[in-house]
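Peer 1: A single structure is presented below for examination.
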Amino acid sequence: MRFFFVLIILWALFPDNMCHAQSRVKIQVYDIIRQVDEYDGIKIKAGMDSLEKALVIAEQSGDVLLQSDVLKKMTEYVTSRLNNFSKATECVEKMGKLSRDNPSVPRLKSDYHNGMGVLYYFENIDRARAGIEFEKAIKIAKENHLEPSFSLLNNYALSLQADGRYYEAMEYYKRSQKAFAKDSINGKRKRFLLKNYLNIGICMINMARHDSAEIYFRKGIDVARETGDSALIFNALAYFTVFLQEHFRYDEAISYFNEALLYINSSQTYELKALLYQSMADIFKEKGDFRKAHDFRQTELLYRDSLRNKKVVEKALTIDYRIEVDSIRHQKQLSEIQMQAERERYKVHAFAIISLLILVVSVATFWLYRLHKQKQLNAIRAQNEAMEKEIIKQQAELELLKKEEQLIASNLQLSVKESDLNTIKEKLQKHVEKSRDPQFDELKKVLSQVKSSERKSEHLKSINDLISSRQTEFYKNIKKKYPRLTEDEMRLIMLLRLNLSSDELVMLFNISRSSLNTKRYRLRKKLDVPKENTLEDFIMDL
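First residue of the sequence shown? That's 0 in numbering that gives the first Met the number 0, and the numbers climb one at a time after it.
Okay, here's the thing in structure tokens:
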């Protein structure tokens with residue numbers, strides 16, 4: 000009894016212990032992610048090892064959402080820190096497998112499309128497709144009443160900004176800030192705030208709101224200093240220096256440049272360094288200090304040569320830092336010859352495009368005209384054919400009406416003749432019956448034969464009508480067994496089955512005896528009657 004009581008207590012405590020264990024695992028994993036965010040640019044290898052460890056812990060816990068969060072962080076890390084597209088693709092493929100294996104968890108599918116957007120945005124592979132993937136991820140979250148993550152909202156804002164949709168981008172940047180503020184687990188991640196402020200600053204420049212842009216750049220510098228990450232501090236200072244140079248605030252730009260030099264060795268973004276030295280060269284050129292301008296230009300060229308020689312393809316910011324550096328600085332005035340050449344090239348291209356469009360429209364118009372005429376011609380032909388068929392049909396009906404009129408007239412004449420003949424026969428019969436003259440005996444015999452012939456004719460007619468009904472079982476069986484037999488041949492079979500004589504058959508068919516023999520011969524062939532059997536016997540045995 001005591002043992003049973005202990006089991007009950009353990010069973011009651013087991014779910015609670017499981018929940019506490021899962022909570023501890025989540026805390027452990029998110030602590031690792033926060034630590035990785037705080038690593039500076041020197042500890043890149045250590046950061047990757049920590050994320051691999053976090054993924055193993057998440058997989059062992061069986062929590063698919065936790066695994067997806069780690070994979071999202073790894074995708075961001077390998078693109079922004081390692082510039083490793085193949086490793087990022089591997090992480091996104093794992094996210095896709097998680098989504099397919101757990102179709103009832105919609106957030107996994109949303110995370111997968113977010114990862115696909117990151118891949119397409121990486122190194123500007125396909126920004127349009129990246130925007131579609133980010134939008135799809137947000138739509139899935141919305142349909143399933145889920146709150147999109149702050150990183151997803153920020154990524155989509157970047158794609159909108161790249162498409163020139165700045166006001167929409169600002170809306171999503173603000174939404175990402177609100178989502179970040181609500182996220183208690185990621186509340187201490189300063190790295191995201193930095194990139195968010197810098198992205199908003201760039202967007203403000205594109206919207207010609209330069210004062211607001213400066214505010215966000217300064218916020219970015221403050222956040223970067225709070226992180227203590229030298230690479231992040233350099234990035235924030237470099238972008239603000241370029242901003243000041245573009246707005247002709249040269250002394251402030253030089254001050255921030257000197258501060259950025261303290262952290263320049265911690266950054267691996269050669270293109271940003273080249274851009275920074277280019278801005279300084281332009282500043283001292285405007286100030287008239289051509290020696291310093293020349294020195295800065297030489298340093299800029301060294302960094303650009305390093306990019307070409309090592310085939311380094313880096314961006315100023317990683318996937319969440321993806322902003323257009325060229326939108327910060329305006330294009331320098333080109334020489335008159337270059338501008339003229341550009342205009343001429345545009346004219347040639349425009350002329351070629353217009354000519355091609357005219358040709359395409361002309362061909363399409365001609366083809367549509369031909370097609371329309373062909374349809375009209377086909378319709379006229381079909382109408383003519385229908386009219387010809389109607390005329391032929393009407394002619395046939397008219398011919399049939401004429402034949403019917405002739406038949407009616409012939410029947411009327413026959414009826415009149417038959418009536419007259421019957422009257423004559425009746426008078427002749429009465430006269431013969433009254434007469435006692437022996438000379439009329441022969442006439443009496445003739446009249447008797449006529450009556451007999453009429454009765455026989457009526458009998459044969461009734462037989463013919465009976466046969467023509469075709470309702471007998473014998474008729475159906477013969478027709479089924481010999482489908483090639485004509486109606487006339489079927490009639491002959493039925494009459495032979497009634498054992499009619501040749502004379503009677505000749506009378507019924509209204510043909511000569513030789514024609515009757517021909518009919519019988521053809522019928523034997525079709526029925527395949529053996530030579531030793533007569534046609535009548537064969538029909539009787541059917």
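Each residue gets a CB set at the ideal place from its N, CA and C atoms; glycine is no exception.
Arg-99 lies in the alpha helix (DSSP H); which residues open and close that run?
Peer 2: Looking at the DSSP string, the run of the alpha helix (DSSP H) that includes Arg-99 is 84–100.
Peer 1: Could you check whether Tyr-171 and Leu-152 sit closer than 7 angstroms to each other, using their CB atoms as the reference points?
Peer 2: Cβ atoms of Leu-152 and Tyr-171: closer than 7 angstroms.
Peer 1: Under a three-way DSSP split, which group does Pro-105 fall into?
Peer 2: Helix at Pro-105.
Peer 1: Assign Met-115 to buried or exposed, taking buried as 16 or more other Cβ atoms, counted over all protein chains shown, within 10 Å of its Cβ.
Peer 2: Answer is buried; the Cβ neighbour count reaches 16.
Peer 1: One question on the structure: do Gln-160 and Ala-168 come within less than 7 angstroms of each other, judged by their Cβ atoms?
Peer 2: For Gln-160 and Ala-168, yes; Cβs fall inside 7 angstroms.
Peer 1: Quick check: the Cα distance between Phe-557 and Asp-304, rounded to an integer number of angstroms?
Peer 2: Look at the range of the chain in this structure, 0 to 541, and you will see that residue 557 is not part of it.
Peer 1: Could you tell me the distance, in whole angstroms, from the CA atom of Tyr-249 to the CA atom of Leu-243?
Peer 2: About 7 angstroms.
Peer 1: Around the C-beta of Asp-281, are 16 or more other C-beta atoms found within 10 angstroms, so that it is buried, or is it exposed?
Peer 2: Flag for Asp-281 reads buried.
Peer 1: Can you give me the start and stop residues for the alpha helix (DSSP H) that Asp-536 sits inside?
Peer 2: Where Asp-536 is concerned, the enclosing alpha helix (DSSP H) stretches over 534–540.
Peer 1: When the Cα atoms are used, what is the spatial distance from Leu-261 to Met-73?
Peer 2: If you take the alpha carbons of Leu-261 and Met-73, they lie about 29 angstroms apart.
Peer 1: Hey, would you say Phe-133 sits closer than 7 angstroms to Tyr-111, going by beta carbons?
Peer 2: Not closer than 7 angstroms, so no.
Peer 1: Considering only the alpha carbon of each residue, which of Tyr-166, Ala-129, Leu-107 lies closest to Ile-139?
Peer 2: Answer by Cα proximity: Leu-107.
Peer 1: Measure the alpha-carbon distance for Gln-542 versus Thr-240 and round it to whole angstroms.
Peer 2: Here the chain has residues from 0 to 541 only, and residue 542 is not among them.
Peer 1: Tell me which same chain residues have a C-beta within less than 6 angstroms of the C-beta of Tyr-165, skipping the five on either side of it?
Peer 2: Cys-202, Asn-205, Met-206.
Peer 1: Out of curiosity, what's the CA-to-CA distance linking Ala-45 and Arg-344?
Peer 2: Approximately 52 angstroms between the Cα atoms of the pair.
Peer 1: How is the alpha helix (DSSP H) around Lys-218 delimited, first residue to last?
Peer 2: 209–226 is the extent of the alpha helix (DSSP H) around Lys-218.
Peer 1: Pull up the distance between the alpha-carbon of Ala-340 and that of Ile-353, whole angstroms please.
Peer 2: C-alpha separation (whole angstroms): 20 angstroms.
Peer 1: Mind checking His-329: buried by the 16 CB within 10 Å criterion, or exposed?
Peer 2: Low confidence applies here, because His-329 scores a pLDDT of 40, under 50, leaving its location unreliable and the question unanswered by this model.
Peer 1: Under three-state DSSP, which class holds Gly-116?
Peer 2: Three-state result, Gly-116: helix.
Peer 1: Comparing alpha-carbon positions, which option in Val-77, Asp-62, Ser-60 lies nearest Leu-50?
Peer 2: Minimum Cα distance to Leu-50 is reached at Val-77.
Peer 1: Please check the pair Ile-492 and Ile-538, which I expect to be a contact at CB under 8 angstroms, by giving their CB distance rounded to whole angstroms.
Peer 2: That belief holds up - the Cβ atoms of Ile-492 and Ile-538 are roughly 6 angstroms apart, short of 8 angstroms.
Peer 1: At which residues does the alpha helix (DSSP H) containing Arg-206 begin and terminate?
Peer 2: Reading the sequence as shown, one finds Met at residue 206 and not Arg. Per DSSP, Met-206 belongs to no alpha helix (DSSP H) and is neither H nor E.
Peer 1: Label Leu-541 either buried or exposed according to how many other C-beta atoms from any shown protein chain fall within 10 Å of its C-beta, with 16 as the threshold for buried.
Peer 2: The residue in question, Leu-541, is exposed, as its Cβ has fewer than 16 Cβ neighbours within 10 Å.
Peer 1: Is the beta carbon of Asp-36 closer than 7 angstroms to that of Arg-190?
Peer 2: Yes, the Cβ-Cβ distance between Arg-190 and Asp-36 is below 7 angstroms.
Peer 1: Taking the beta carbon of Arg-469 as the centre, do at least 16 other beta carbons fall within 10 Å, making it buried, or is it exposed?
Peer 2: Reliability fails at Arg-469, whose pLDDT of 47 lies under 50, so the model's placement of it is uncertain and the value that follows must be treated cautiously. So Arg-469 ends up on the exposed side.
Peer 1: Can you round the beta-carbon distance between Phe-233 and Ile-263 to whole angstroms, since I take them to be within the 8 angstroms contact cut?
Peer 2: Confirmed, about 6 angstroms.
Peer 1: Would you kindly check if the distance between the Cβ of Ser-60 and the Cβ of Leu-547 is under 7 angstroms?
Peer 2: As shown, the chain starts at 0 and ends at 541. That puts residue 547 outside it, with no answer to give.
Peer 1: Hey, how far is the Cα of Met-489 from the Cα of Met-506?
Peer 2: One C-alpha to the other measures close to 17 angstroms.
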